[in-house]
Ligand SMILES: [Zn+2]
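Take a look at the structure:
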């Protein structure tokens, strides 16, 4: 039982990384987000196939929302566009 469990835990992240149909390798999931209020910088991992609308600054707890025309907080406040946008540009 415990061996099975360990195998499951070990295999799951690999399976997960393979999920977005060959998108991986071009898509950067690590994004550095900067709080517009206090300037706090933090590196976050973005969801692969979704846009994150809200992000709470861990420093000042300001709730970040996407700017007009942007699909998610990463497009508005971080160095790298969100995975769906990256995919549109690179795929
Ligand atoms: Zn902040």
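In this note's numbering, the protein residues as written are -5 to 85. Beta carbons: idealized from backbone N, C-alpha and C, even for Gly. These numbers come from a predicted model, not from an experiment.
Residue i: CB within 8 Å of a non-hydrogen atom of ligand 1
i, result
"residue 66", "no"
"residue 71", "no"
Coil, strand or helix - residue i by DSSP
i, result
"residue 79", "helix"
"residue 35", "strand"
"residue 56", "coil"
Expected contact under 8 Å - CB spacing of residue i and residue j to nearest Å
i, j, result
"residue 27", "residue 67", "7 Å"
"residue 54", "residue 81", "Contact flag wrong, Cβ pair sits at about 32 Å."
Mind listing which residues have their beta carbon within less than 6 Å of any non-hydrogen atom of ligand 2? Chain order is fine.
-> Annotation note on ligand 2: not contained in the displayed structure, which lists ligand 1 as its ligands.
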